[in-house]
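Visitor: Residue numbers (our numbering): 48 to 115.
Think of the CB as a built atom: it goes at the ideal place given N, C-alpha and C, for glycine as much as any other residue.
Here the structure is a predicted model, which means the values were calculated and not measured.
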Ligand SMILES: [Zn+2]
């Protein structure tokens with residue numbers, strides 16, 4: 048029986064579904080936050096990830112929002 052050991056302790060990134068394709072992220076503010084940055088959702092993928100906190104923003108109704 049094969050056993051794989053992973054050291055993946057990263058928490059699952061939070062996913063936010065938003066209207067429109069432009070948003071900003073500051074990591075939630077406070078000690079866990081980061082400087083506010085503006086993010087623009089890629090029209091082909093339908094989502095963008097914050098480079099600071101790895102939050103994912105999905106455009107409502109877009110390719111990454113389950114389609115339809
Ligand atoms: Zn962020």
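#1: Can you name, in chain order, every residue of its own chain whose Cβ lies under 8 Å from the Cβ of residue 91, other than the five neighbours on each side?
#2: Please indicate yes or no: does the CB of residue 103 lie closer than 6 Å to some heavy atom of ligand 1?
#3: Please list, in chain order, all residues of the same chain as residue 27 whose beta carbon is under 7 Å from its beta carbon, the five residues on each side excluded.
#4: Across which residues does DSSP place residue 72 in a beta bridge pair?
#5: Anyone know if the C-beta pair for residue 84 and residue 94 falls short of 7 Å?
#6: Among residues of its own chain, excluding the 5 on either side of residue 96, which ones have a beta-carbon nearer than 6 Å to its beta-carbon?
Guide: On the basis of the coordinates in this document:
#1: As a first step, residue 91 must be located in the chain shown, where it is residue number 44. Around residue 91: 110.
#2: Residue mapping note: residue 103 aligns to position 56 of the chain shown, counting from 1. The answer is no for residue 103.
#3: The displayed coordinates of the chain run from 48 to 115. Any statement about residue 27 would go beyond what the structure contains.
#4: Counting from one through the chain shown, the residue named residue 72 turns up at place 25. Per DSSP, 84.
#5: As a first step, residue 84 is located in the chain shown; it is residue number 37 there, counting from the start. As a first step, residue 94 is located in the chain shown; it is residue number 47 there, counting from the start. The answer is no: Cβ separation not under 7 Å.
#6: Taking the chain shown and counting its residues from 1, one reaches residue 96 at position 49. Answer for residue 96: 103, listed in chain order.
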